[in-house]
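Report on the following structure.
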Amino acid sequence: MPYKRITLTHFLLQEQRRLGGSGAFTSLMNDILTACKMVSHEVNRGALVGNHGVAGTVNVQDEEQKPLDVLANDIFLHMNALGGNYAAMASEELEDVHAVKGSADGKYLLLFDPLDGSSNIDVNISVGSIFSILRLPEGADPNSANAFLQPGVQQVCAGYALYGSSTMLVLTTGNGVNGFTLDRDVGMFFLTHPNMTIPADTKEFAINASRARFWEAPVKRYVDECLAGKEGPRGKDFNMRWVASMVAEVHRILIRGGIFMYPADVENIKKGGKLRLMYEANPMSFIVEQAGGASTTGRQRLMEVPPTNLHQRVPVILGSKNEVERLEAYHREVGE
Ligand code: P6P
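The numbering of the sequence shown is this note's numbering, which starts it at 18 and goes up by one.
In structure tokens, the structure reads:
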């Protein structure tokens, strides 16, 4: 019965009662889900309101901004400041920490990529928002980036919104992963995917194969074995997917398994990798691990990477546990 479903807000209140929380967490999550609903609305209006094309500005990543990049960032900054729960925020779109006026007693720090995969907007392919919540360390200056430089294992919550054929919000607070679907007519997220779990094995890999000439030996070996199919060492055929939208890739892996790779390669390693540690790789790794998967740089557990700066890049290999562990073993074998 569709009307027997539980809303995200009720789910959070249940979690709060179970954990004996103060309600601050439920309130700050409410700000985030409101921001995601607003971004979903703007994404779905698309070209009708001039949300396509370019904004004519460049962000701290030296990437050309889309109008929706700027709008989504403004929405996240505004809506998440209202609740007074965050001492400060950090965004992929902002060079420095964003101080939150009037939140002197805020206990949390919010990091986000307000619109990930935005190169897909004009071609109407799914995009998403990614968020991560840390505690403000005792005595730390919330307006200093140092307060944010905590390894992924310190996250208290991580999640994403996927603006796809339906808008979904998927989140973890360290007690499994749950997925919620937005009912636009009611304006609420409803629990539709309780206790999401990643199959340990898969026949599907995701990588940008146009970078094959840059790959290191372990990655090349792994992909070649997948491509060799059932006649090869893996004894089974594999399928490949690449959406160029990490949120969509991770969501597919949560639903049916798979391995996502944006590994170090001889070109991107000069910058540390492609994807950002603090507001892409860490939140997605928390979600994947909580769903029974694994996430690594190839050489170490990703959530144990010690951050050195807010916009640090990192190699990312995540998904079905047995596949991620296989690729880690290939790295160990070559001592890289
Ligand atoms: P490429 C989107 O820009 C992003 O940060 C991830 O969402 C996505 O997985 C990756 O970059 C795509 O990179 O090199 O294929 O465009």
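Just so it is clear, CB atoms sit at the ideal spot from N, CA and C, and this is done for glycine as well.
C-alpha of R318 to C-alpha of E350: approximately 17 Å in a straight line. For M278, the enclosing beta strand (DSSP E) begins and ends at 276 to 279.
In this structure, DSSP gives E342 a helical state, which the three-state scheme calls helix. When the five nearest sequence neighbours on each side are left out, the beta carbons in the same chain lying within less than 7 Å of the beta carbon of L127 are those of N97, Y103, M106, F148, I150, in order along the chain. According to DSSP, residue pairing for E221 in a beta bridge involves N256. Counting C-beta pairs with one atom in each stretch, the region 292 to 303 and the region 212 to 230 have fewer than three that are closer than 8 Å, which means they do not touch. Around the beta carbon of V75, fewer than 16 other beta carbons lie within 10 angstroms, which makes this residue exposed.
Residue pairing by DSSP places S108 opposite F129 in a beta bridge. Rounded to the nearest whole angstrom, the CA to CA distance from R230 to Y347 is 18 Å. For the region 281 to 317, the continuous alpha helix (DSSP H) assignments of 4+ residues that do not extend past its boundaries occur at 299 to 307, in sequence order. The beta carbon of P250 sits closer than 8 Å to the beta carbons of E242 from its chain, once the five residues preceding and following it are set aside; these are given in chain order.
D202: not part of any beta strand (DSSP E); DSSP gives it neither H nor E. Relative to ligand 1, the beta carbon of W259 is positioned inside 8 Å of a heavy atom. E32 sits close to G38, with the two beta carbons spaced by under 9 Å. Under the three-state reduction of DSSP output, S135 falls in the helix class.
Between E284 and R316, the CB-CB gap reaches or exceeds 9 Å. Of the residues N47, V144, F129, G169, the one whose Cα lies closest to the Cα of V60 is V144. Counting C-beta atoms within 10 angstroms of its own C-beta, M257 has fewer than 16 neighbours from the protein chains shown and is therefore classed as exposed.
Secondary structure of T190 (DSSP, three-state): coil. Take T43, set aside five residues on each side of it, and the residues of its chain with a beta-carbon closer than 7 Å to its own are L29, L30, Q33, in chain order. DSSP places V333 in the strand class (E or B) of the three-state scheme.
Look at the region 142 to 185 and you find no whole run of alpha helix (DSSP H) that is 4 residues long or longer. Taken in chain order, the whole beta strand (DSSP E) runs of length 3 or more contained in the region 63 to 114 are 103 to 108. A311 is not a Cβ neighbour of V331, given a cutoff of 9 Å. Of the residues assessed, V236 falls on the buried side of the cut-off, its CB having 16 or more other CB atoms within 10 angstroms.
The region 170 to 187 makes contact with the region 262 to 272; the number of CB pairs closer than 8 Å reaches 3 or more.
For V240, the uninterrupted alpha helix (DSSP H) segment begins and ends at 234 to 245. The beta carbon of F206 sits closer than 7 Å to those of T24, L25, L50, L186, F197, T198, L199, all from its chain and outside the five residues before and after it, given in chain order.
At the C-beta level, E110 and N90 come within 9 Å of one another.
Look at the beta carbons and you see the region 157 to 170 not touching the region 274 to 289: under three pairs across the two are nearer than 8 Å.
The C-alpha of V87 lies about 44 Å from the C-alpha of K253. Spatial neighbours of K338 in its own chain (CB-CB distance under 7 Å, excluding positions within 5 residues in sequence) are listed in chain order as A217, G309, G310, A311.
Between H268 and V77 a beta carbon distance of about 26 Å is seen, past the 8 Å cut, so the two are scored as non-contacting. No Cβ-Cβ contact shorter than 9 Å links R22 with L271.
V173 is positioned such that its CB atom lies closer than 9 Å to that of G191.
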